[in-house]
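S.K.: Counted the way full-length UniProt numbering counts, the sequence shown spans residues 1 to 1049.
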Amino acid sequence: MTKLRFLPSIATLLLLAAVLICNFPYTHATNSVTRSCNNARTLQQEEQVVIRGPPFHTHQELMDAVDVYLDYHYAGETAKQPNITTEYQRILSTYGPLEYWDVGRLDNFANLFNAQRNPLAAVATPNLSQWNVGQNVEIPVYLQDMFLGASLVNFDVSFWKTDLVIHFNGMFENAVSFEGIGLETWNVANGKLFMSMFSGCISLHQDLDLSSWQLRSAERLDAMFRNSSFGGAKGGDLCTWNNYLRTIVTVKDMFLQSKCISMVDPNLAERNDPNAELSICSPCDKSTIAMKPNILLIVADQMRFDMIRHVQDELEHYADVYKIQTPNLDRLLQSGAYFRNAYCQCAVCAPARTTLRTGCTIERTGVQHNDLAEEFMNNPFYEERVHELESLDHVLAEKMGYVSEYYGKWHMPQPLIESRDGSRRNVVQYNDFDYSKDEPFYLYDADGRKYKRYLESSSAGPVYFKTGEQMDPFSGYPYTPIQLDARYGMPTNTALTTDGGLPRNRVGQPNVLGMSALDEGFTPSFFTGDITKKAIQRLQQHSDPWFVTASFHSPHPPFVASWKNLEKYWTNQEKLFVPRNLNTDGHMDKSAYDTITEQIPEYGDVEKLQEWTALYYALIEEVDEQVGEILDQVEYDVNNTLVIFTSDHGEMLGAHNRREKNTFYEESSRVPLLISWPGKIPQSTVVDEMASHLDIFATILDYAGGSEHDKSDGTSLRRFIEGGEINSDYEEDVVFAEWDYRKPINKNVEDAMDLIMDRQIDDRPSFLVRHKQYKLMMQKVASTNQMDMMFDIFKDPFEIDNLLSPDVAMVQDDTLIAKAEHLRCLLLHWMERLDGESHYFSDPTANHGGSAGDIPEIRNRQRWKQIGFWVSDSSIDFGRISWNGNAFVRHEHLYMGTRKEQSVEITDIVIEGSDAQYFQISRTNLKLRHNGCARVRVSFMSSEAVWRDKSLDATFVMTVKLGASTTKQRIPLKVPQSHSVPNLDSSSVPSKEKPSSVEEGSQADSIVIDGEATIPTDISPFRGGDMLDESRPELPARIRSANNTKDNP
1 MTKLRFLPSI ATLLLLAAVL ICNFPYTHAT NSVTRSCNNA RTLQQEEQVV IRGPPFHTHQ
61 ELMDAVDVYL DYHYAGETAK QPNITTEYQR ILSTYGPLEY WDVGRLDNFA NLFNAQRNPL
121 AAVATPNLSQ WNVGQNVEIP VYLQDMFLGA SLVNFDVSFW KTDLVIHFNG MFENAVSFEG
181 IGLETWNVAN GKLFMSMFSG CISLHQDLDL SSWQLRSAER LDAMFRNSSF GGAKGGDLCT
241 WNNYLRTIVT VKDMFLQSKC ISMVDPNLAE RNDPNAELSI CSPCDKSTIA MKPNILLIVA
301 DQMRFDMIRH VQDELEHYAD VYKIQTPNLD RLLQSGAYFR NAYCQCAVCA PARTTLRTGC
361 TIERTGVQHN DLAEEFMNNP FYEERVHELE SLDHVLAEKM GYVSEYYGKW HMPQPLIESR
421 DGSRRNVVQY NDFDYSKDEP FYLYDADGRK YKRYLESSSA GPVYFKTGEQ MDPFSGYPYT
481 PIQLDARYGM PTNTALTTDG GLPRNRVGQP NVLGMSALDE GFTPSFFTGD ITKKAIQRLQ
541 QHSDPWFVTA SFHSPHPPFV ASWKNLEKYW TNQEKLFVPR NLNTDGHMDK SAYDTITEQI
601 PEYGDVEKLQ EWTALYYALI EEVDEQVGEI LDQVEYDVNN TLVIFTSDHG EMLGAHNRRE
661 KNTFYEESSR VPLLISWPGK IPQSTVVDEM ASHLDIFATI LDYAGGSEHD KSDGTSLRRF
721 IEGGEINSDY EEDVVFAEWD YRKPINKNVE DAMDLIMDRQ IDDRPSFLVR HKQYKLMMQK
781 VASTNQMDMM FDIFKDPFEI DNLLSPDVAM VQDDTLIAKA EHLRCLLLHW MERLDGESHY
841 FSDPTANHGG SAGDIPEIRN RQRWKQIGFW VSDSSIDFGR ISWNGNAFVR HEHLYMGTRK
901 EQSVEITDIV IEGSDAQYFQ ISRTNLKLRH NGCARVRVSF MSSEAVWRDK SLDATFVMTV
961 KLGASTTKQR IPLKVPQSHS VPNLDSSSVP SKEKPSSVEE GSQADSIVID GEATIPTDIS
1021 PFRGGDMLDE SRPELPARIR SANNTKDNP
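(1) What is the rounded straight-line gap between the Cα of G628 and the Cα of E184?
(2) Between the Cα of D438 and those of S458, G422, V386, R449, spot the shortest distance and give me the residue it belongs to.
(3) Give the secondary structure of E722 by DSSP, where H, G and I count as helix, E and B as strand, and everything else as coil.
(4) Spatial neighbours of R659 within its chain, please: C-beta separation below 7 Å, excluding the five flanking residues on both sides.
(5) Between which two residues does the alpha helix (DSSP H) carrying F956 extend?
(6) Which runs of the alpha helix (DSSP H) spanning at least 4 residues fall entirely within the segment 814-841, listed in chain order?
(7) Among the candidates F159, E179, P140, whose CA atom is the shortest distance from the CA of F168?
(8) Let me check understanding here. Comparing Cα to Cα, which of F798, W864, I295 lies closest to V808?
(9) In terms of alpha-carbon separation, which member of K590, M789, L694, R385 lies closest to Y840?
(10) Select from G879, L952, G897 the residue whose C-alpha is nearest the C-alpha of I911.
(11) Leaving out five residues before and five after S874 in sequence, what residues of the same chain have Cβ atoms less than 6 Å from its Cβ?
(12) Checking the sheet assignment: what are the DSSP bridge partners for G359?
(13) Within 10 angstroms of the Cβ of A916, are there 16 or more other Cβ atoms? Answer buried if so, exposed if not.
(14) Whether or not the segment 741-759 and the segment 776-790 are in contact is what I'm after, with contact meaning three or more pairs of Cβ atoms, one per stretch, closer than 8 Å; do they touch?
(15) Can you tell me which of the three DSSP states F305 falls into?
(16) To test your reading of the DSSP string, which unbroken alpha helix (DSSP H) runs of 4 or more residues are found completely within the segment 77-130?
(17) If you compare alpha carbons, which of Q81, Q760, K661, S922 is closest to Q302?
(18) Under 6 Å Cβ to Cβ from N114, same chain only, skipping five residues before and after it: list those, please.
(19) Assuming F109 contacts G359 under a Cβ cut-off of 8 Å, what Cβ separation, rounded to an integer in Å, is found between them?
(20) With 16 as the cutoff for other CB atoms within 10 Å, does T497 come out buried or exposed?
(21) Assuming the contact rule is C-beta atoms closer than 8 Å, F198 and S228 should be a hit. Round their C-beta distance to whole Å, please.
(22) Helix, strand or coil: which one does DSSP assign to C201?
(23) Thinking just about the alpha-carbon of each residue, which of P545, H649, R504, F552 is nearest to the one in S527?
(24) Quick check on DSSP: helix, strand or coil for T595?
(25) Indicate whether the contact test is met: 3 or more Cβ pairs, each with one atom in the segment 334-346 and one in the segment 680-698, closer than 8 Å.
(26) What is the rounded straight-line gap between the Cα of R425 and the Cα of D107?
(27) If R670 sits next to F376, beta carbons under 8 Å apart, how far is it from one beta carbon to the other, in whole angstroms?
(28) Assign D434 to one of three DSSP states: helix, strand, or coil.
(29) Assign V889 to one of two classes, buried (16 or more other C-beta atoms within 10 Å of its C-beta) or exposed (fewer than that).
(30) Give the secondary structure of E892 by DSSP, where H, G and I count as helix, E and B as strand, and everything else as coil.
(31) Enumerated in chain order, which unbroken segments of the beta strand (DSSP E) with a length of 3 residues or greater are wholly contained in the segment 506-571?
(32) Hey, could you find the ends of the beta strand (DSSP E) L694 is sitting in?
(33) Taking DSSP's pairing of strands, which residues face P55 in a bridge?
(34) Decide if R731 is buried, meaning its Cβ has at least 16 other Cβ atoms within 10 Å, or exposed.
(35) Could you compute how far the alpha carbon of E799 sits from the alpha carbon of I793?
(36) On the premise that G654 lies in contact with L582, defined as a C-beta separation below 8 Å, what is that separation, rounded to the nearest angstrom?
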């Protein structure tokens, strides 16, 4: 049985003796307990596990050991330092042979074999191919001048992990024997300094191909290839670098006196390095050079994740119901990446939108309440946070040369749309349109006022009311109410106020539901779509890249839809989906949320909910039609356009007997997310990993080549789309959401601790964590008696069975309690990573005295059974396997901790089994403290796909010392028997003429012709005619008769 582990020094000495005697590599192969020296040479051909000694801890410690090595091997007998043999033997007995030193925890390798520092490096030829550089660090790494002037054997550097290296400058300068084997696999995306990296490298292989290097963060490339042999018939193609290099990068003398750089872009070389000899070099094929993409961000309001036809087709509970029709969103979904598990960061309008625009948590934005989008300036605490934010518009327009325009609903702080230079100049070129002048303009204004201006400048006609109709406060025009409407059955044009006789909970937009008197050419969605199309048509006439946002108001209330889109859903309303968590027996007694049916019982009536659902579907179809119109205008499949579609949050729509959003339930917090860039993102890509609004900012900048400007709290989703390596440093397949729905009621208070908030901090759950099938909702205060909730989304998709409800929390199965602890620790580590210099999650000031700070509160909160030592998983199930350019790889993290005041020590961790060689662990021992958490990264890695279609034999084994007792805990490792690496060459796009599937009798033929939504050709805000005449359609007789009440006198 093979064990992968770090050996103590005595065992190291025994193995070292074998190394010295047989002169074979310091490795250990499966089933090779004894082996003759004659067979030792074949060892390299087998699967190997490198056996390393204890790790180096400091740069100086490693440098001293290198000097001893150089002196012992290369100084010559007369020049050797006194006692060098004794010192060398000590190094060998402690660390083993140099070729297998454990340097994985070091972040600094500067000047290690620098011949100017130690002249013996000029004649040394160490083989460092097995050094684990960068394997176990989470901070920037420095390699500058590491081999300056050294004479290197041509070892393969592909095993080195360079994704956190920021300084490569002078690394191989004048290393005259270095050929560059393995450099092609390096990830240098975080590298900043590359000056003289290969200067004087006269042995660089002619076919060295560095085209895969993505120099996203590079600042200086001066003299990088000066006087080197880089370039040749096959090598030297740097055209792809243009896709990533910033315009401010310096490249003076980058190719000075170097050989011909085949295929180098003249714009890169000639503009910055006039001394380079490039006259006979081939220019770049412009088709290989990516231009900055145009970017189209489409945002719906209050549209939940399952309101796309393709998604409903996937879900079992929609199998036998009348489904929504969204042919254009289906087309967009199929043309790129569809995220099955995307969540908003806060299920409230302004907080969600601010996070979406900045990539920052609500703790960092300060916009934790809708009203704070406008009232942030009333208190220095919130004002400071808002003014520190950097929006997508700031980055793209002010730093990357984009033209930014925004149309539709805003609902964010105004500074996000103004320059950060203090001038208050708007960075968005236009955000509105004047139909009377047929021209765009900029005006910071509320969404409702914009809509009414559009109606006033169009030919919607005069306002008058038919019997029973009420006024839509958003448009100012009439509508026919449905049964859930607050004014259903009341006199015509009753005021939507308490003065009009309505209770307080029946005043406001959510209480407005019905059929609009206006037709489909006068909806908020139509105007947002129409203005966006006009903007794109104008921007397409210019060469500058553009960033356009189309922000639709629908399907946010008021729920007032045009009959054209409503008709098929209204006539089929009895077939529409009814939430399975509606009126369930007592499950809301085990919830931290209340219900709307406690105040308005009608929301528990199935017939009334189906009427509401019909309106909701119709409003989404209005958005879908406009999305199709915009996509056709963009011609995104051929016009280098990155398209993102999402919504700010969802809508409960009767689920859990609730309406609106404001919860962490799936219907409220889970959102649609589609990302398409034909030719760059393969069609029909499905992403099952967790995604967040926090990540969209970073994703847009990544695809636009501007990651160096990303200061957000999120991470680019590109790694999921492209099937890249994840979890190397921490758990990434997890999502977090938060909410502190309080606002101050006193103004201009200097000390944030003196702010008086409008409600208690434990009014409702404040944090959501979703990891794989489990979802935890936690309160913000350790001591509160308010409920926490956890659900198994796979077994309980409607979140009915709260696994932490008070009646079971103290007797729950230990495995489920361990999972609650696991999710709590994921939340803790996330907050610790993002805490920042402002201590967003640890300073009680952020909670205005309501708690001790989120991190200490969550660390100490426990409203469930105390089980002492716990482990997160009974098996380690590896997720999607990735190809990182060098190996198949996947990392998982095993969490453990204790909630009792006891001594817990993990004294030994190993991987056992015949397939142990495929796995690595990040640590071999640890100690646990009360309420703390620890994790061990377990990595699967194989250079060949020998693991496919078979079950691997490997077990994670740890020795647990609990007080005076010691036990072994065994956890099987399970790797999927297939892997999924996206076909990144796929560039085909589904035809917009591919029809969506519709159920029989759905009347889809009335709105879909060959898959395209048909829009009447006469819809225009300029057409003549009175749209408010007696010919407008009415709802069925049952609704009409109910509304035939006596008018107001």
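Quick reminder that beta carbons are idealized off the backbone N, C-alpha and C, glycines included.
M.R.: The answer reads as follows:
(1) CA-to-CA, the gap between G628 and E184 works out to about 42 Å.
(2) Among S458, G422, V386, R449, the Cα nearest to that of D438 is on S458.
(3) Under the three-state reduction of DSSP, E722 is assigned to coil, being neither helix nor strand.
(4) So the qualifying residues of the chain are P510, I596, Y603, M652.
(5) From DSSP, F956 is part of no alpha helix (DSSP H) but of the beta strand (DSSP E) over 955-962.
(6) Listed in chain order, they are 814-834.
(7) Of F159, E179, P140, the residue nearest in Cα terms is P140.
(8) Minimum Cα distance to V808 is reached at W864.
(9) Ranking K590, M789, L694, R385 by Cα distance to Y840 puts R385 first.
(10) Among G879, L952, G897, the Cα nearest to that of I911 is on L952.
(11) Its chain contains no residue whose beta carbon lies nearer than 6 Å to that of S874 once the 5 sequence neighbours on both sides are disregarded.
(12) Looking at the DSSP assignment, G359 forms no beta bridge with any residue, so it has no partner.
(13) With 16 or more Cβ atoms within 10 Å of its Cβ, A916 is classed as buried.
(14) Counting C-beta pairs with one atom in each stretch, the segment 776-790 and the segment 741-759 have fewer than three that are closer than 8 Å, which means they do not touch.
(15) Judged by DSSP in its simplified three-state form, F305 adopts coil rather than helix or strand.
(16) Correct list: 84-95.
(17) Selected option, being the one with the closest Cα: K661.
(18) Setting aside the 5 residues that flank it on each side, N114 is surrounded in the same chain by D145, L148, each with a C-beta closer than 6 Å to its C-beta; the list follows chain order.
(19) In fact, because the Cβ distance is near 33 Å, the residues do not count as touching under 8 Å.
(20) Its Cβ having fewer than 16 others within 10 Å, T497 is exposed.
(21) Between F198 and S228 the beta-carbon gap is near 5 Å, inside 8 Å, which marks them as a contact.
(22) Looking at C201 - three-state DSSP - the assignment turns out to be coil, as it is neither helix nor strand.
(23) The sequence as given places Phe at residue 527; Ser does not occur at that position. Checked all of P545, H649, R504, F552; the closest Cα to F527 is F552.
(24) Look at T595 here: in three-state DSSP terms it is coil, with no helix or strand label.
(25) Enough Cβ pairs lie closer than 8 Å, so yes.
(26) If you take the alpha carbons of R425 and D107, they lie about 43 Å apart.
(27) Actually they do not touch by this definition, with Cβ atoms about 28 Å apart.
(28) Under the three-state reduction of DSSP, D434 is assigned to strand.
(29) So V889 counts as buried.
(30) Residue state, collapsed to three classes: strand.
(31) DSSP runs (the beta strand (DSSP E)) wholly in the segment 506-571: 513-516, 546-551, 559-561.
(32) Taken as a continuous stretch (DSSP letters only), L694 belongs to no beta strand (DSSP E), being part of the alpha helix (DSSP H) at 694-704.
(33) P55 pairs with D102.
(34) Checking the sequence shown, residue 731 turns out to be Glu, not Arg. Buried, by the Cβ-count rule.
(35) Spanning the alpha carbons of E799 and I793 requires a straight line of approximately 7 Å.
(36) About 5 Å; that satisfies the 8 Å criterion.
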